[in-house]
Each structure stands twice: as structure tokens, then as C-alpha cells.
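Numbering follows numbering that gives the first Met the number 0, in which position 32 of the sequence shown is assigned residue number 31; successive positions increment by one, without gaps. Here the structure comes first, spelled out in C-alpha cells, and everything after it is commentary.
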Amino acid sequence: MGNVSGYGFEGIGIALIGRNNPLGIILASILYGGIKNCGRYMEYQAGIDSDLAKALNGLFVIALSIPELLAILRKVIRR
0 MGNVSGYGFE GIGIALIGRN NPLGIILASI LYGGIKNCGR YMEYQAGIDS
50 DLAKALNGLF VIALSIPELL AILRKVIRR
């Protein structure tokens with residue numbers, strides 16, 4: 000079970016980035032995986048901590064989720 004830890008959380012983030020659109024999820028997963036892989040490469044080549052890539056992926060999830068959050072807040076405020 001140790002090999003799959005965290006995949007569910009990453010899947011939620013990818014679905015948020017892709018806005019639950021199948022094509023968007025495919026593109027978001029490629030972006031997410033690329034950043035994750037580059038983090039490992041940066042750690043190996045430049046000695047930069049791979050947690051930087053995790054933080055960058057988290058920022059993508061937050062930044063791309065904000066428009067949906069604002070739309071929900073607008074609906075709530077109008078009621």
C-alpha cells in the first residue's frame with residue numbers, strides 16, 4: 000500500500016485543475032506529472048529539494064481553483 004499513498008489526493012488536484020473535463024484532466028495530469036518529474040530531476044542535478052515541485056503543484060491547484068470558488072461565492076451572496 001506504500002506505493003500508492005497520495006495518489007488520491009493528487010487525483011483530486013488534477014481533477015480541479017482540469018475542471019472535471021476529461022480532456023482538461025488529461026492535459027492537467029501531463030502538466031502535473033511533468034512538474035513532479037522535473038522536481039526529481041532538479042533534486043538530482045542541481046541539489047534543489049524536490050518539495051519545491053510539490054509546492055508549485057499546490058500553487059497550481061489553488062490558483063486554478065479560485066475562479067470556481069469565486070463563482071460559488073457570487074451565487075451564495077446573491078441569495
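For every residue, glycine included, the Cβ atom is placed at its ideal position computed from N, Cα and C.
Exposure label - residue i; buried when at least 16 CB within 10 Å
i: N19; result: exposed
i: A27; result: buried
Residue i, DSSP secondary structure in three states
i: R39; result: helix
i: N56; result: helix
i: R78; result: coil
i: G32; result: helix
From the options, residue whose alpha carbon lies closest to that of residue i
i: K35; options: I16, A14 and E9; result: E9
i: L58; options: L15, G7 and Y40; result: L15
i: C37; options: E67, A70 and A54; result: A54
CB of residue i within 9 Å of CB of residue j, strictly
i: Y31; j: G12; result: yes
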